[in-house]
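End of the sequence shown sits at 1119 in the numbering used here; the numbers just go up one at a time, nothing left out. Just so you know, even glycine gets a beta-carbon here, dropped at the ideal spot from N, CA and C.
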Amino acid sequence: MVLGPVVLVVVALVVAVVYALGRSRPGAPSEGGATGVGAAASTSSGARADPEAPPGPGLREELSRWVAAGLLSQEQSSAIEAHERARQEPVPVPVPRPVPSAPATPARPRRIPVVAESLGYLGGMLTIIGVGLVVARYWPDMATAGRLALSGAGAVALLAGGALVREQSDPALARLRWFLWLAATAATGLFAGVLSAGALGLGVESVVVVCAGAVAVESGLLWWWRPRPLQQLTCLGGVAVFVGALVALLAPDAAVGLAVWAIGATYVALGLRRRTPLPLLTEGVGTLAVVAGAGLTTGSSQTFGLIFVVATAIGLLSLATVPGLAPERADQVITGVVGGLALLQSVPPTLAYFAYEAGVATGTVTWLAGGALVFVGARRLVRLPLVAQALGGVALIGGAALTGVQWPGFAPLFGIATAVGLIGLGMLPGQVLLSVFGSLGLLINVPWAISRYFPGEGRAPLLLAVCGGLILAVAVWMTRMGSRFRRDLGGPHRGAPRPPAGMMPRPSH
């Protein structure tokens, strides 16, 4: 009994498939068409045959009688006969010409097993390491001519080996060509370094320019706008290093970081606009270049450099969080991860540097930045509004505390006012997260204010009593606001009936 419906469904599917195959077979009769011998004759001849017979002598006799009686003229009789004959002639039906289908591009079959490819790369790496250790042992004792001959011969041999590999035959062979050419590029960079430093006696900056230029040119020629990730990576990196080293020769140190930053920003723009092969690779190199370029500016001016690094990190995070800036999820991940790491590395030293002599200004700027983040999160101007609100709450509490480096009496009062304001904003619909940071600010600043304005041994009981009361108040408040936490932070609302499956309300746009 249980298998009965299943068998019926299977039989129905088989019948439908057989009928569809019969319909798609060449020469099968179309829907609504003639059947039998007549249909076959009609299909083969390409003309439609009329079952009625052509006009015979009966029509002519009738027309002759009507002409004799004066009802019709001879011209009218001939016209009627010609009309009836034309109506009974077969009407040709145009036969549709078969449209040639575009040949499907066959996927390149994989002939080399994964295990064999992995073992090949492992053996190649061991060979390179062994040869490198041997060369490193005798390298200091070799003359410049011998070093040039060794590195140049290695570069030529690796280039020729990669050129002989047929990358169209198998994806593994394509990767082998990329690997051989990457090793050839490294050998070319070594040759350029030996030539510029040993033979020509150039300085360190000039050697970097020559080596980076050789790597960029060779990688660019091997890449030539094709999907070759290793060559594209070395070309983009070589160009950034070449530009930075060249600017270091011709301009002050402050311009080096700006030049590298400009190259990285160009890469990011090209990747976001999909103007290069493998645009995500271009974008990733660009994000690293802008962070490195901003970091290089701290060598000449720490004040400007630290601010520039923080601004660059915030810009990358904006690309990841503001809707419409990054086209795909992968772009958001790249810019968000690099920007987030850069922000974590740059914010603490920046705050420590500026708070040492300008605590009030640093705290005020941090406080204003926190307020901006809270506003952006409250208005849902970013993809992760809760994250923006959380960062804004931390910046507001931390900014108020930083003012205590210069104004120790003002900072706890400023912190208490900020905490009370956050609790008040948390009462608004959808902003309950701000109340959490407001409560945290009270737990930090109220004991600070008591210890500041009530010195002496008698402050300990007061501190304990006030802190305990605050903790109890926060606990009671959170128990009463539990439904708002679940609703505002995305969780199910306790006590509210869950709609049945398929009846979930659609969000309004």
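Selected residue, minimal CA-CA separation from residue i, among the options
i: R990; options: P933, L812, A869; result: P933
i: A982; options: G881, V997, L859, V970; result: V997
i: A826; options: I924, L681, L792; result: L792
i: L868; options: V901, R747, L843; result: V901
i: G950; options: T897, G903, G980; result: T897
i: Y731; options: V819, A904, R785; result: R785
i: L890; options: W871, A875, G848, A940; result: A940
i: G980; options: A988, G1003, V992; result: G1003
i: G987; options: L1012, E938, L1044; result: L1044
i: R1015; options: T1028, V992, S1061, L961; result: One detail in the question is off: residue 1015 reads as Val in this sequence, not Arg. The shortest C-alpha separation from V1015 is found at L961.
i: T913; options: C845, I1033, V957, A875; result: V957
i: R670; options: L1082, I690, E777; result: I690
i: G848; options: V819, A865, V724; result: V819
i: R993; options: T931, A726, A899; result: T931
i: G881; options: A865, P995, P937; result: P937
i: I1082; options: L1053, R1062, Q684; result: Residue identity differs from the one stated: residue 1082 is Leu in this sequence, not Ile. For L1082, the nearest C-alpha among the options comes from L1053.
i: A1021; options: S1061, R675, I739; result: S1061
i: V948; options: V984, A1005, V878; result: V878
i: L888; options: S688, A696, W749, L846; result: L846
Rounded Cβ spacing between residue i and residue j (contact assumed at less than 8 Å)
i: A782; j: I722; result: 4 Å
i: D863; j: S816; result: The pair is not a contact, with the Cβ atoms about 16 Å apart (cut-off 8 Å).
i: A1127; j: W977; result: Shown here, the chain extends from 611 to 1119; a query on residue 1127 therefore has no answer.
i: L935; j: L927; result: Their Cβ separation, rounded to whole angstroms, is 11 Å, which puts L935 and L927 out of contact at 8 Å.
i: G1036; j: G1048; result: 6 Å
i: A904; j: W871; result: 6 Å
i: R757; j: G808; result: 7 Å
i: A1029; j: N1055; result: 6 Å
i: I873; j: V853; result: 5 Å
i: G1051; j: L1032; result: 6 Å
i: T972; j: L1012; result: 5 Å
i: A822; j: A855; result: 6 Å
i: L790; j: G811; result: In fact, because the Cβ distance is near 32 Å, the residues do not count as touching under 8 Å.
i: I944; j: G1025; result: About 37 Å separates the two Cβ atoms, so there is no contact after all.
i: T787; j: V804; result: The question names Thr, but residue 787 in the sequence shown is Arg. In fact, because the Cβ distance is near 26 Å, the residues do not count as touching under 8 Å.
Extent of the continuous alpha helix (DSSP H) to which residue i belongs
i: Q1016; result: That residue, Q1016, is in no alpha helix (DSSP H); it is neither H nor E in DSSP.
i: R884; result: Element bounds for R884: n/a, residue is neither H nor E.
i: S1061; result: 1042 to 1063
i: G973; result: 969 to 988
i: G925; result: 912 to 931
i: Q841; result: 839 to 860
i: A770; result: 754 to 774
i: I738; result: 724 to 748
i: A936; result: Note, A936: premise wrong, no alpha helix (DSSP H); not H, not E.
i: S816; result: 814 to 833
i: V901; result: 889 to 906
i: P995; result: 995 to 1012
*For the stretch 828 to 836 and the stretch 850 to 861, state whether three or more C-beta atom pairs, one from each stretch, are separated by less than 8 Å.*
With a cut-off of 8 Å, the stretch 850 to 861 and the stretch 828 to 836 do not count as touching, because too few Cβ pairs lie within range.
*Pick out the complete alpha helix (DSSP H) segments inside the stretch 773 to 804, 4 residues or longer, and give them in chain order.*
Fully enclosed alpha helix (DSSP H) runs of 4 or longer: 781 to 804.
*Are the stretch 786 to 806 and the stretch 756 to 776 touching, with three or more C-beta to C-beta distances below 8 Å?*
yes
*Are the stretch 965 to 975 and the stretch 913 to 928 touching, with three or more C-beta to C-beta distances below 8 Å?*
no
_For the structure I just gave you, are there three or more beta carbon pairs, one from the stretch 840 to 848 and one from the stretch 800 to 819, closer than 8 Å?_
No contact exists between the stretch 840 to 848 and the stretch 800 to 819.
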